[in-house]
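Below is one structure; the comments refer to it alone.
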Amino acid sequence: MDNNYCLILAGGNGSRLWPVSRTTCPKQFMDLLGTGKSMLQQTYDRVARFIRPENIYVSTNVQYLPLVYEQLPEVDDTHILEEPLRRGTLAAVAWGTVVIAKINPNAQVFVTPSDQLIRDENSFRDDVGNALRFVSSHDGILVTGIRPTRPDTGYGYIQFGSSEALDNEIYPVRSFTEKPNADFAQMFMEEGDFLWNTGLLYYKVDVMLSNLYRLVPEYQIEIPRMMAEAETADPKLVPEFFTSLPNLNVDVSILEHSEHVYVQSAHFDWADLGTWTGIYNDAPADGQGNVLLNTKAHLCSLDQLVLVPVLLPVVQFVQY
Numbered sequence: 091m092d093n094n095y096c097l098i099l100a101g102g103n104g105s106r107l108w109p110v111s112r113t114t115c116p117k118q119f120m121d122l123l124g125t126g127k128s129m130l131q132q133t134y135d136r137v138a139r140f141i142r143p144e145n146i147y148v149s150t151n152v153q154y155l156p157l158v159y160e161q162l163p164e165v166d167d168t169h170i171l172e173e174p175l176r177r178g179t180l181a182a183v184a185w186g187t188v189v190i191a192k193i194n195p196n197a198q199v200f201v202t203p204s205d206q207l208i209r210d211e212n213s214f215r216d217d218v219g220n221a222l223r224f225v226s227s228h229d230g231i232l233v234t235g236i237r238p239t240r241p242d243t244g245y246g247y248i249q250f251g252s253s254e255a256l257d258n259e260i261y262p263v264r265s266f267t268e269k270p271n272a273d274f275a276q277m278f279m280e281e282g283d284f285l286w287n288t289g290l291l292y293y294k295v296d297v298m299l300s301n302l303y304r305l306v307p308e309y310q311i312e313i314p315r316m317m318a319e320a321e322t323a324d325p326k327l328v329p330e331f332f333t334s335l336p337n338l339n340v341d342v343s344i345l346e347h348s349e350h351v352y353v354q355s356a357h358f359d360w361a362d363l364g365t366w367t368g369i370y371n372d373a374p375a376d377g378q379g380n381v382l383l384n385t386k387a388h389l390c391s392l393d394q395l396v397l398v399p400v401l402l403p404v405v406q407f408v409q410y
């Protein structure tokens, strides 16, 4: 447990859920489902049940620091890592990994987005625990996958490479496919060896740093500079060299090119609340299939409507 760390990614602008999610207050800082807590708060609470709070870090864009401070007052300032500008998930993961590696070079890291709906938290805790144990003894990167329940074109898909699990339904990865068309999504679902990509990652810090250095040329220069910055008393202040990092995500730049990548078939219910279609498909609905999100609106059928006559003022235009 001392070596288990979590990095929560909370720097996105949530543009796919516009107009409810806006640049000034993206979806991760909102209570979309009316639970009384924002998506970020739910993510933190979920993880803090089995990972020590002092081992949890939050990465966010500098624009959203006040929101993180307000919603997570229990998190120490040094555990809130600034992203001075948007450079994709890779830069956030790299900086978080460097900071954690400087504190504990034997750490294994669990990376989670902050805008996901997860049910059955006991199964979630067990799956995360199994994943962290696996990467602690394997020099590879693990990603959690979910058995598809529909041919969804909004998710990425992971094909696992063997019908025989290495450990606790963990398999070597054969291929990645990012948001296929409807025909391929239907085929992937029928094949049975494809999983939805949740974006939940696990790795030892030295494994991720080695992949960054080897697979992304820009990091050959910037990783040593990041390591030096992490030695300072206030490592959350990322220096200006952040601007020289490429705008990349982890999947395309690391997972699709690394030599040892594994996928875990999860046992919990999961949904990415990234689009309106995704929310409609996965959020609780009423008996007629309507989804209401934290609203005072009431639905009624046409035969329940009462038409009330309204007297409108008559305006007479007089030409002079």
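Residues in the sequence shown are numbered from 91 upward in steps of one, following the numbering used here.
C-beta atoms are modelled at their ideal positions from N, C-alpha and C, and glycine is treated no differently.
| Asked | Found |
| --- | --- |
| What three-state label does DSSP hand Pro325 in the structure shown? | coil |
| Give, in chain order, every unbroken run of the alpha helix (DSSP H) that is at least 4 residues long and sits entirely within the region 166-230. | 178-193 and 211-226 |
| Can you give me the Cβ contacts of Thr179 inside the same chain, cut-off strictly under 7 Å, excluding the 5 residues immediately before and after it? | Leu99, Asn339 and Val340 |
| Suppose the cutoff is 6 Å on Cβ atoms and the five residues either side in sequence are ignored; what does the same chain contact list for Val297 look like? | Asp229 |
| Go through its chain and collect everything with a Cβ distance to Asp166's Cβ below 7 Å, but skip five positions before and after it. | none |
| Got a sec, what are the start and stop residues for the beta strand (DSSP E) Ile248 sits in? | Tyr247 to Phe250 |
| Glu346 to Leu305, Cα distance in whole Å? | 10 Å |
| Based on DSSP bridge pairs, tell me the residues matched to Gly235. | Asn287 and Ser355 |
| Mind checking whether His350 and Ser213 have CB atoms under 8 Å apart? | no |
| What separation, rounded to the nearest whole angstrom, lies between the Cα atoms of Tyr261 and Val225? | 12 Å |
| What span of residues does the alpha helix (DSSP H) with Ser300 cover, start to end? | Val295 to Leu305 |
| Could you give the DSSP three-state label for Pro262: helix, strand or coil? | strand |
| Mapping the DSSP letters down to three states, classify Thr418 as helix, strand or coil. | One cannot answer for residue 418 here, as it falls past the ends of the chain, which runs 91 to 410. |
| Using 8 Å as the cut-off, can you tell me whether the region 279-291 makes contact with the region 198-211, which would need three or more C-beta pairs spanning the two stretches below that distance? | yes |
| Buried or exposed: which applies to Glu281, given that a residue is buried once 16 or more other Cβ atoms fall within 10 Å of its Cβ? | exposed |
| Once the 5 residues before and after Val233 are set aside, which same chain residues still bring their CB inside 6 Å of it? | Leu291 and Val353 |
| Does the Cβ of Ala275 have 16 or more other Cβ atoms within 10 Å, making it buried, or fewer, making it exposed? | buried |
| Let me make sure I understand the geometry here. Which of Cys115, Ile146 and Asn145 has the alpha-carbon closest to that of Gln153? | Cys115 |
| Taking 8 Å as the threshold (C-beta atoms), are Leu335 and Glu308 in contact? | yes |
| Suppose you measure from the CA of Thr322 to the CA of Ala255; what does that come to, to the nearest Å? | 43 Å |
| Could you give the first and the last residue of the continuous alpha helix (DSSP H) run that contains Val158? | Leu155 to Gln161 |
| Using the C-alpha atoms, what's the distance from Lys117 back to Ile344? | 26 Å |
| Reducing DSSP to helix, strand and coil, say where Gln406 ends up. | With a pLDDT of 49 at Gln406, under the threshold of 50, the modelled position of that residue is not reliable, and the figure given next carries that caveat. Reduced to three states, the DSSP call for Gln406 is coil. |
| For Thr243, report the span of its beta strand (DSSP E) as first-last. | Element bounds for Thr243: n/a, residue is neither H nor E. |
| Excluding sequence positions up to five away, which residues of its chain have a Cβ less than 6 Å from the Cβ of Val408? | Residue confidence is low: Val408 scores 48 on pLDDT, short of 50, so the model does not pin down where it sits. Its coordinate-derived value is still stated next. None. |
| DSSP three-state label for Ile344, please. | helix |
| Check this for me: beta carbons of Val183 and Met317, under 8 Å apart or not? | no |
| Can you give the Cα-Cα distance for Asp137 and Asp210, rounded to whole angstroms? | Checking the displayed sequence, the identity of residue 137 turns out to be Val instead of Asp. Spanning the two alpha carbons is a distance of roughly 13 Å. |
| Taking 8 Å as the threshold (C-beta atoms), are Ile190 and Leu197 in contact? | The identity of residue 197 in the sequence shown is Ala, whereas the question assumes Leu. For Ala197 and Ile190, yes; Cβs fall inside 8 Å. |
| Kindly indicate which residue of Trp360, Gly102 and Leu97 has the alpha-carbon position closest to the one of Thr239. | Trp360 |
| Give the straight-line distance between the Cα atoms of Pro329 and Tyr134, rounded to the nearest whole angstrom. | 26 Å |
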